[in-house]
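Counting in this note's numbering, the sequence shown runs from 242 upward without gaps.
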Amino acid sequence: MGNYFFDQPNAEFLDRVDGKLKVTGAAKYSAEYTFPGLSYGVLVGSTIAKGSITAMNTKAAENAPGVLTVITHLNTPKLPGYKPNSDAAAQPEIKKGYRVFTDNLVRFNGQPIALVIADTFERATYAASLIKTQYKKEQHHTDLNAELKTGKPLEGNAYKDNIRGDADAWKNADVKIEAEYTMPLEVHNPMEMHGITVVWEGEDKVTVYEKTQALKITQQNIMQAFGLKEENVRIITQFIGGAFGSAFNTWPHSVAALMGAKKTGKPVKLMLTRDQMFTMVGYRPEAIQKIGMGASKDGKLTGITHEAIAMTSSYAEFTEGIVSASRSLYTCPNVTTRYKIYPLNLSMPTWMRGPGETTGAFALESAMDELAHALNLDPIEFRLLNYAETDLEAKKPYSSKFLKEAYQLGADKIKWSERNREIGSMKEGDWMVGYGTGTGIFVAWRGDAKVAARLSADGSLVLQSGVTDMGAGTATAMTQLASEVFGLAPKNIRFEMGDSNLPPGPFQGGSGTTSTLGTAVNNVCVSMKKRLTELVKDNSVFHTETIHTVKPEDLLFEDGNIILASDRTRKVSYTDVLKNAGLPQIEILEDSKSGGDEMSKYSAFAYAVHFVKVMVHPVTGVLKISRIVTAVDAGKVVNEKTAESQIVGGVVSGIGMTLMEEGVIDHRYGKWVNNNFADYHVPVNADVPKIEVLFVNKPDPVLNPMGAKGIGEVALVGFAAAVCNAVYHATGKRIRQLPITPDKLI
Ligand code: MOS
């Protein structure tokens with residue numbers, strides 16, 4: 242107790258293996274590598290939202306001190322795999338995509354239109370300011386609400402009505418509600434801005450230090466664009482300072498940096514500025530959602546209709562499952578979902594923590610609260626009345642589901658039943674007090690991964706996999722897991738990652754890293770134990786009167802020793818096993834496959850139940866979240882410290898989403914207004930109360946050998962609704978438009 246930030250007595254779990262490197266500044270991020278001759282790239286963004294470039298004057302920039310090159314669409318190097326599709330002319334704009342510098346079209350305000358490379362960052366920045374551009378403007382559309390009236394949504398299978406049972410059955414229910422929920426653009430805003438350092442060795446070989454959640458995908462994107470062989474493209478991502486989904490794509494700025502470095506023959510570093518982070522690496526799309534929900538008088542759901550309208554860019558179709566959780570979180574025979582997106586002249590949205598579910602659960606879990614109140618039922622009781630024992634949508638049983646246990650854990654902790662249920666009844670001094678809850682759901686799964694293990698005669702184990710870690714604590718969790726499975730102290734284990742030269746690991750995202758990579762780590766440790774058993778099975782240490790050859794099940798593997806289970810005094814160290822066998826090391830590569838047939842029989846989800854206590858000041862509209870309890874069914878937890886930290890991080894994102902975050906576009910110019918941390922607000926320490934995290938901690942028997950489900954994203958899902966529901970309990974005001982700023986509460 243006491244030495245851990247959140248005062249949890251879980252000292253038996255490993256501290257972050259990379260913690261010291263991070264807090265001392267020794268950890269190297271993608272824009273922190275230096276090389277002789279390192280040059281600096283600075284991007285120039287367009288100042289209109291739609292149209293074309295009619296003229297560009299780059300002379301002054303080219304002649305400015307220290308400038309090595311200026312790249313624009315007028316002189317862009319042609320890349321073999323980076324051109325519009327051959328039938329692009331016949332395609333609608335949205336199918337053509339956007340490839341930096343390949344044409345003179347402007348698709349959004351802030352689109353990169355020039356790259357300046359100079360010998361210092363300051364000189365590149367100055368030269369970039371000298372570029373003069375003339376445009377032919379066209380009418381842009383950046384306002385989703387305006388577009389609903391005059392524009393056309395995209396068409397296709399993704400946008401067809403999805404009806405189970407009777408369409409819009411909620412309309413015929415005994416008790417029903419209908420409401421609209423809106424939320425603005427949200428931006429990932431990780432602490433580390435996206436950065437890339439590129440080092441070409443000749444024409445066809447490159448090493449790229451890139452902020453990416455997906456080493457393999459990044460490697461393949463670069464191979465394809467530049468026509469390179471796999472063995473000639475090395476991606477290194479040792480550390481990531483947060484990403485939240487912004488670092489899957491190989492974004493235009495990265496391709497530009499690769500072009501610039503190749504053209505100049507110098508190593509080039511390019512780091513986005515904070516304002517460029519708002520237009521160049523995606524964001525969560527704005528969404529308008531309508532829910533109609535009905536129940537019988539005794540509180541059984543009879544119909545849910547969930548309609549979502551969101552947006553994408555004019556040049557890429559980004560879709561996400563905003564309405565999907567509404568089809569399966571509760572038992573309801575009649576569910577109708579509709580999803581429409583409108584292309585706007587903004588940059589491309591992308592996945593952001595809990596993509597789809599986070600947006601959807603804000604509406605669904607608010608609506609559940611509204612209907613519970615209409616039925617005069619306790620919101621938890623209402624959820625339990627409609628608890629899904631099987632997945633009606635997938636028509637499959639759950640691999641495991643301990644959501645009921647999570648409700649119980651959380652409700653007990655915050656003393657849910659002791660609150661006064663009456664709206665507006667609770668007070669502390671001048672403050673109105675309210676309690677609310679919201680449930681999060683996120684798919685659990687397992688993909689493919691390779692892990693190499695090397696046990697050396699000095700007793701150390703090195704594990705290697707080409708995965709990156711955006712902050713979840715992957716190396717820590719894997720070290721802990723290997724320690725438990727292989728029976729070796731964590732200090733003797735090193736997990737190496739962040740390099741595409743290593744055996745390919747999973748991308749980090751979709752809450753699947755621990756499940757996927759952990760399975761491969763588990764399997765390689767099991768294989769290593771089998772190999773050791775082979776080496777010792779005839780060892781006289783283990784001979785008994787009747788047995789001269791031991792089997793794996795006769796042995797224990799603990800703290801670097803193989804021990805005879807029936808007589809713990811008989812043992813041999815891993816070090817001695819290798820020495821006796823004359824082996825300097827043992828190497829094993831394990832190739833672990835995704836869930837497969839067994840998994841496909843089940844539906845698998847992780848769950849989070851958020852309980853919050855809020856205080857609302859009626860005169861000023863100030864809203865304080867004074868207590869947060871989040872109870873999680875994430876299967877068996879591999880490392881409670883890093884897992885708790887993940888939940889805390891997700892909840893803090895939820896505080897931002899609910900109280901502050903709001904991307905504002907000035908529609909006259911199609912330009913971001915609050916593209917900085919002074920104006921785009923995220924929570925600071927003072928906004929964050931103690932967050933109490935509880936895990937049900939029961940293993941999932943199907944998903945993977947650890948029994949673990951993912952937790953990174955579910956932590957955020959459902960939180961915004963919990964706060965809105967608590968505000969309603971405190972004040973009787975139903976806030977259906979995020980963020981809940983004080984003006985909405987006065
Ligand atoms: Mo997450 S949106 O899969 O980084």
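Just so you know, even glycine gets a beta-carbon here, dropped at the ideal spot from N, CA and C.
Note to self: Please classify residue 634 as buried or exposed, where buried requires at least 16 other C-beta atoms within 10 Å of its C-beta.
What the structure shows: Answer is buried; the Cβ neighbour count reaches 16.
Next item on the list: Report buried or exposed for residue 399, applying the criterion of at least 16 other Cβ atoms within 10 angstroms of its Cβ.
Entry: Looking at its Cβ environment, which holds fewer than 16 other Cβ atoms inside 10 Å, residue 399 is exposed.
Next item on the list: Please confirm whether residue 867 and residue 689 have their CB atoms less than 8 Å apart.
Entry: No, these two residues do not count as a Cβ contact at 8 Å.
Item checked: Any non-hydrogen atom of ligand 1 within 7 Å of residue 898 CB -> In this structure, ligand 1 has no non-hydrogen atom nearer than 7 Å to the beta-carbon of residue 898.
Notebook entry, point to check: What are the start and end residues of each continuous alpha helix (DSSP H) run of 4 or more residues lying completely inside the segment 257–318, in chain order?
Noted result: Counting only runs of 4 or more, we get 260–265 and 300–304.
Check: For residue 327, does the count of other Cβ atoms within 10 angstroms reach 16, so buried, or fall short, so exposed?
Finding: Exposed.
Notebook entry, point to check: Can you find a heavy atom of ligand 1 that lies under 7 Å from the Cβ of residue 592?
Noted result: True, at least one ligand heavy atom lies under 7 Å from that Cβ.
Next item on the list: Give the DSSP-derived three-state secondary structure of residue 831 in the structure shown.
Entry: If DSSP states are grouped into helix, strand and coil, residue 831 belongs with the strands.
Checklist line | Given residue 913 as reference, the closest of 586, 462, 836 and 343 once Cα atoms are compared | finding: If we check each option's Cα against that of residue 913, 586 comes out closest.
Notebook entry, point to check: Which first and last residues belong to the alpha helix (DSSP H) in which residue 867 is found?
Noted result: DSSP places residue 867 in no alpha helix (DSSP H) but in the uninterrupted beta strand (DSSP E) bounded by 864–874.
Check: Looking at residue 989 and ligand 1, is the gap between the Cβ and the nearest heavy atom below 7 Å?
Finding: Residue 989 is absent from the model: the chain starts at 242 and stops at 987.
Check: Is the segment 711–722 close to the segment 769–788, with three or more CB pairs under 8 Å?
Finding: Between the segment 711–722 and the segment 769–788, the count of C-beta pairs closer than 8 Å stays below three; the two stretches do not touch.
Checklist line | Through-space distance from residue 448 to residue 1033, alpha-carbon basis | finding: Look at the range of the chain in this structure, 242 to 987, and you will see that residue 1033 is not part of it.
Next item on the list: Using the DSSP secondary-structure output, state which residues sit across from residue 802 in a beta bridge.
Entry: Bridge partners of residue 802: 799 and 814.
Checklist line | Exposure of residue 918, with buried meaning 16 or more beta-carbon neighbours within 10 Å | finding: The residue in question, residue 918, is exposed, as its Cβ has fewer than 16 Cβ neighbours within 10 Å.
Notebook entry, point to check: Does the segment 514–534 come close enough to the segment 543–554 to have 3 or more Cβ pairs within less than 8 Å?
Noted result: Note that the segment 514–534 touches the segment 543–554; at least 3 beta-carbon pairs, one per stretch, sit closer than 8 Å.
Check: Can you tell which of 474, 437 and 498 has the C-alpha that lies nearest to the C-alpha of residue 481?
Finding: Comparing alpha carbon positions, the residue from 474, 437 and 498 closest to residue 481 is 437.
Check: Beta carbon of residue 538, beta carbon of residue 488: below 8 Å?
Finding: When the beta-carbon positions are compared, residue 538 and residue 488 stay at least 8 Å from each other.
Next item on the list: Would you identify the three-state DSSP class for residue 509, choosing helix, strand or coil?
Entry: Collapsing the DSSP output to three states places residue 509 in a strand.
Notebook entry, point to check: Per DSSP, what kind of secondary structure is residue 488 in: helix, strand or coil?
Noted result: If DSSP states are grouped into helix, strand and coil, residue 488 belongs with coil.
Item checked: Coarse secondary structure for residue 593, derived from DSSP in three states -> Reduced to three states, the DSSP call for residue 593 is coil.
Notebook entry, point to check: Between 563, 618, 958 and 630, which lies nearest to residue 658 when the distance is taken from Cα to Cα?
Noted result: The shortest Cα separation from residue 658 among 563, 618, 958 and 630 belongs to 618.
Notebook entry, point to check: Thinking C-alpha only, which one of 748, 363 and 341 is nearest residue 458?
Noted result: Per the Cα distances, 748.
Margin query: Below 8 Å, how does it come out for the segment 489–496 and the segment 252–266: are there three or more Cβ pairs, yes or no?
Written below: With the cut-off at 8 Å, the segment 489–496 and the segment 252–266 do not touch.
Margin query: Is residue 629 close to chain B? Criterion is C-beta to C-beta, closer than 8 Å.
Written below: Here there is only one protein chain, and chain B is not present.
Next item on the list: Decide yes or no for the touch test of the segment 813–832 against the segment 929–937: beta carbon pairs closer than 8 Å, at least 3 of them.
Entry: Touching, no.
Notebook entry, point to check: For the beta strand (DSSP E) that contains residue 676, what are its first and last residues?
Noted result: Going by DSSP, residue 676 is part of the beta strand (DSSP E) stretching over 672–684.
Item checked: Where the alpha helix (DSSP H) containing residue 769 begins and where it ends -> Residue 769 -> alpha helix (DSSP H) spans 754–777.
Notebook entry, point to check: Among 288, 395, 426 and 403, which residue has its Cα nearest to the Cα of residue 370?
Noted result: In terms of Cα proximity to residue 370, the closest of 288, 395, 426 and 403 is 288.
Check: Over what stretch of residues does the alpha helix (DSSP H) that includes residue 450 continue unbroken?
Finding: Looking at the DSSP string, residue 450 is not in any alpha helix (DSSP H); the run it does join, the beta strand (DSSP E), is 447–451.
Checklist line | Span of the alpha helix (DSSP H), counted from its first residue to its last, around residue 412 | finding: Going by DSSP, residue 412 is part of no alpha helix (DSSP H) at all; its letter is neither H nor E.
Next item on the list: Compare the C-alpha of residue 646 against each of 299, 668, 621 and 686 and name the closest.
Entry: Nearest option by C-alpha distance: 621.
Checklist line | Cα-Cα separation between residue 336 and residue 348, rounded to whole angstroms | finding: So the two alpha carbons sit approximately 13 Å from each other.
Margin query: Please state the DSSP three-state secondary structure of residue 420.
Written below: In this structure, residue 420 counts as strand in the three-state DSSP scheme.
Item checked: Cα-Cα separation, residue 885 to residue 293 -> Cα-Cα distance, rounded: 49 Å.
Notebook entry, point to check: Residue range of the beta strand (DSSP E) that residue 530 falls in?
Noted result: DSSP places residue 530 inside the beta strand (DSSP E), whose first and last residues are 528–536.
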